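In our numbering, the protein residues as written are 61 to 129.
1. Would you mind giving the Cβ-Cβ distance between residue 80 and residue 111, rounded to the nearest angstrom? I have them listed as a contact below 8 Å.
2. Nearest-angstrom Cα distance between residue 73 and residue 85?
3. Just to check, is the beta-carbon of residue 114 closer than 8 Å to a non-hydrogen atom of the ligand SAH?
4. Rounding to the nearest angstrom, what Cα-Cα distance links residue 70 and residue 87 in this structure?
5. Taking all protein chains shown into account, do 16 or more other C-beta atoms lie within 10 angstroms of the C-beta of residue 65, making it buried, or fewer, making it exposed?
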């Protein structure tokens with residue numbers, strides 16, 4: 061296992077959590093001002109973070125196993 065890939069993946073995890081946090085804050089601000097409340101809206105940032113995390117990490121690990129250094 062390439063240590064660089066693990067580092068890149070951990071950076072991706074941190075980035076995903078940061079994006080999720082910012083999304084939660086913006087959804088909270090928008091939600092407090094909007095009259096119509098959407099029940100599934102608070103799950104959207106979580107789904108985005110999971111998809112982003114899997115996308116980043118999946119590619120990293122795939123590259124690592126295909127091209128071991």
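Note that CB positions come from ideal geometry on N, CA and C, so glycine has one too.
Just so we're clear, the structure is a prediction, and the values are computed from it rather than from any experiment.
On the basis of the supplied data:
1. Rounded, the Cβ-Cβ distance is 11 Å, inconsistent with contact.
2. 18 Å
3. No copy of the ligand SAH appears in this structure; indeed no ligand is present at all.
4. 25 Å
5. buried
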